[in-house]
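J.:
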Amino acid sequence: MRALLPLLRTSWAWPVGAAAAAAARLPRAASAGPGPRRTMALYRTEERGQPHSPDYRLFFKNVAGHYISPFHDIPLKVDSEEENGIPTKRARNDEYENVFNMVVEVPRWTNAKMEIATKEPLNPIKQDVKDGKLRYVANIFPHKGYIWNYGALPQTWEDPHRKDKSTDCCGDNDPIDVCEIGSKVLSRGEVVHVKILGVLALIDQGETDWKLIAINVNDPEASKFHDIEDVKKYKPGYLEATLNWFRFYKIPEGKPENQFAFNGEFKNKAFALEVIKSTHECWKALLMDKCDGGAINCTNVQVCDSPFHCSEEEARSLVESVSFSLNKGSNEEDQVWHFLGK
Ligand SMILES: *[C@@H]1O[C@H](CO)[C@@H](O)[C@H](O)[C@H]1NC(C)=O
């Protein structure tokens, strides 16, 4: 175990990739740009195992260096005064009402289906495995991998036993997904502040799988975006491309086209905020053991009244007990394109 320790890479909010390596030289606050406020990195990530191998895991730590769960311990709202005990500047309610933390799982233009491991203690990011094979999304011409920075809102859960009133389908058992449409390519494991603009209701094999549309508040153009109409106005074609991306992305795996509620119409910000509110309530019930969480792992270090709360020492030993090897992975699949035009 000790011999493997040099493999354990630690970084501040910039965990992987060549772009990340360059950016890592700058403190996060210095790169915040002309956004509405400067953000300080409150979270850092730690990699175990080799990327694109089955035992790759990206763990999260808070600013004090304690392991946390990105699913349960990062607050949903950024105006929370409890954000790891670091006081955040209070601002006008209307400015903060629509700002959420987003955990980036997949940087734009990449293919590896990286996701928060909801069933593992402390929920590191790992690459999804299906039928013993690492999963990559196909390139569907003319797109390369994911066409947004893709991730999830912490402290949300789409309850698989609860029927959504508007879609008449149950949840997909995951935190709610986010497509971040800003111009910057973000890094896996980054935690960014996003403004919610709308939502698409994907129905995947009978389950509701909401896809929020959001923009990084530090994007140079963020101040122009207030609601879904602004996406149509300032990024024409992006919503159509998004709809088709979700419609077709499982075709190369031999699955049928995905379906959508509301005829594939994107709902506006107000609707999206209601969806977030209800998935946050479901997450609260999950963490308080008030509903059937199935195999979801609820171990957390910040939600003190949760029966699944654990100490910092317990969290550390959970991470240290995870084994990993030197197995190198490959991702040849992202060189293949699929042509599905009609
Ligand atoms: C989560 O993982 C821990 C550690 O392996 C385990 O003790 C616990 O029972 C798991 N389940 C839940 C619901 O948290």
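Numbers -19 to -1, 1 to 323, taken from mature numbering (1 follows the signal peptide of the UniProt record, and there is no 0), label the letters of the sequence shown in order. Just so you know, even glycine gets a beta-carbon here, dropped at the ideal spot from N, CA and C. Keep in mind it's a predicted model, so treat the numbers as computed, not measured.
1) Quick check: the segment 189 to 199 against the segment 95 to 114, are at least 3 beta-carbon pairs closer than 8 Å?
2) Who are residue 318's beta bridge partners in DSSP?
3) State buried or exposed for residue 291, treating a residue as buried only when at least 16 other CB atoms are found within 10 Å of its CB.
4) Just tell me which of 182, 77, 44 has its CA closest to the CA of residue 244.
5) So, with DSSP's three-state summary, where would you put residue 15?
6) For residue 230, which residues from the same chain have a beta carbon less than 8 Å from its beta carbon, with the 5 sequence-adjacent residues on both sides left out?
7) Near ligand 1, which residues have their beta-carbon less than 7 Å from any of its heavy atoms, given in chain order?
8) Under the three-state reduction of DSSP, which class applies to residue 87: helix, strand or coil?
9) Just reading off the beta strand (DSSP E) that residue 107 is part of, what are its end residues?
10) Could you tell me the distance, in whole angstroms, from the CA atom of residue 222 to the CA atom of residue 37?
11) Inspect the beta-carbon positions of residue 162 and residue 194 and report whether they are closer than 8 Å.
12) Can you tell me the Cβ-Cβ gap for residue 287 and residue 281, rounded? I've got them flagged as a contact below 8 Å.
13) Mapping the DSSP letters down to three states, classify residue 178 as helix, strand or coil.
14) Considering only the beta carbon of each residue, do residue 90 and residue 126 sit closer than 8 Å?
15) When the Cα atoms are used, what is the spatial distance from residue 30 to residue 96?
16) From what residue to what residue does the beta strand (DSSP E) around residue 24 run?
17) Can you list, in chain order, the residues of its chain with a C-beta nearer than 7 Å to that of residue 110? Leave out the 5 residues immediately preceding and following it.
18) Tell me whether the beta-carbon of residue 209 lies closer than 8 Å to the beta-carbon of residue 179.
19) Use the C-beta contact count for residue 48: other C-beta atoms within 10 angstroms, 16 or more gives buried, fewer gives exposed.
20) Specify the secondary structure class of residue 224 as computed by DSSP and reduced to three states.
21) For residue 317 and residue 93, what's the separation of their Cα atoms in angstroms?
22) Helix, strand or coil for residue 349, going by three-state DSSP, please let me know.
23) DSSP state of residue 211, grouped into three classes?
24) Determine the contact status of residue 202 and residue 219, defining contact as a CB-CB distance below 8 Å.
25) Does the Cβ of residue 217 have 16 or more other Cβ atoms within 10 Å, making it buried, or fewer, making it exposed?
26) Grouping DSSP H, G and I as helix and E and B as strand, with all else coil, what is residue 250?
27) Quick check: the Cα distance between residue 41 and residue 86, rounded to an integer number of angstroms?
28) Express the C-alpha separation of residue 171 and residue 152 in angstroms, rounding to a whole number.
29) Going by DSSP, what residue range makes up the beta strand (DSSP E) through residue 198?
30) Which residue from 177, 141, 154 puts its Cα closest to that of residue 251?
T.: Looking at the atomic coordinates:
1) no
2) 120
3) buried
4) 182
5) The predicted model places residue 15 with a pLDDT of 40, which falls under 50 and marks its position as unreliable; any figure quoted below should be read in that light. Looking at residue 15 - three-state DSSP - the assignment turns out to be coil, as it is neither helix nor strand.
6) 118, 119, 121, 239
7) 102, 274, 277, 278, 279, 280, 289, 299
8) strand
9) 106 to 108
10) 31 Å
11) yes
12) 6 Å
13) strand
14) yes
15) 15 Å
16) 24 to 29
17) 35, 116
18) yes
19) buried
20) helix
21) 13 Å
22) Because the chain in this structure spans residues -19 to 323, residue 349 falls outside the shown range and cannot be described.
23) helix
24) no
25) exposed
26) helix
27) 12 Å
28) 25 Å
29) Taken as a continuous stretch (DSSP letters only), residue 198 belongs to no beta strand (DSSP E), as it is neither H nor E.
30) 177
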